[in-house]
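What follows is one structure encoded as structure tokens, with my remarks underneath.
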């Protein structure tokens, strides 16, 4: 919906090309975008006649859209809860990569400010998970590959 809001604002202002509406929306709203990039985009849009304040006030939240669909249009947006192992694994991998990127960016800023003096850095992160029943610790990827804890395997073996 918000991408369409961006498209409409560009059309209304008669903008030829500033960028892809998805990218524009992301740069205007994503916390991970540097403020300098956001300011540069806002400046380009304003030069093309786009009212930035109006555009941003037109953006709607997910909750607002859901409320409108449910209460105004009588569209049921509820879903049965389904767990998709691969999607959850993907979420875990994404969050690890995201964390590594944030750490890398922070270290780079510290280096640029001469607050950290090192050679070239490569960031790796290992997430470990501990089962509170057996106190065994696993690397997250190993646990996901096995899909079971050792204490569960031990209990299962006793039942056989």
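Numbering (full-length UniProt numbering), first residue to last: 1 to 160.
We put the beta carbon where it would ideally sit given N, CA and C, even for glycine.
Just so it is clear, the structure is predicted and the values come from calculations on it, not from any experiment.
By alpha-carbon positions, which one of the options ends up nearest to residue i?
{"i": "residue 43", "options": "28, 32, 57", "result": "28"}
{"i": "residue 6", "options": "48, 58, 38, 137", "result": "58"}
{"i": "residue 125", "options": "134, 95, 149", "result": "95"}
{"i": "residue 102", "options": "128, 132, 83, 122", "result": "122"}
{"i": "residue 34", "options": "120, 109, 46", "result": "109"}
{"i": "residue 20", "options": "62, 3, 39", "result": "3"}
{"i": "residue 1", "options": "69, 111, 149", "result": "69"}
{"i": "residue 46", "options": "24, 152, 140, 118", "result": "24"}
Could you name the residues of the same chain whose beta carbon sits closer than 6 angstroms to that of residue i, not counting the 5 residues immediately before and after it, in chain order?
{"i": "residue 144", "result": "89"}
{"i": "residue 104", "result": "123"}
Could you spell out the range, first to last residue, of the beta strand (DSSP E) harbouring residue i?
{"i": "residue 128", "result": "128 to 130"}
{"i": "residue 137", "result": "137 to 139"}
Let me know the secondary structure DSSP gives residue i once reduced to three states.
{"i": "residue 13", "result": "helix"}
{"i": "residue 3", "result": "helix"}
{"i": "residue 64", "result": "helix"}
{"i": "residue 19", "result": "coil"}
{"i": "residue 118", "result": "coil"}
{"i": "residue 106", "result": "helix"}
{"i": "residue 97", "result": "helix"}
Contact check, residue i vs residue j under 8 angstroms by CB: the rounded distance?
{"i": "residue 9", "j": "residue 41", "result": "That belief does not hold up - the Cβ atoms of residue 9 and residue 41 are roughly 13 angstroms apart, past 8 angstroms."}
Note the first and the last residue of the continuous alpha helix (DSSP H) segment covering residue i.
{"i": "residue 52", "result": "52 to 58"}
{"i": "residue 36", "result": "35 to 47"}
Could you name the residues of the same chain whose beta carbon sits closer than 7 angstroms to that of residue i, not counting the 5 residues immediately before and after it, in chain order?
{"i": "residue 64", "result": "none"}
{"i": "residue 107", "result": "116, 121"}
{"i": "residue 37", "result": "27"}
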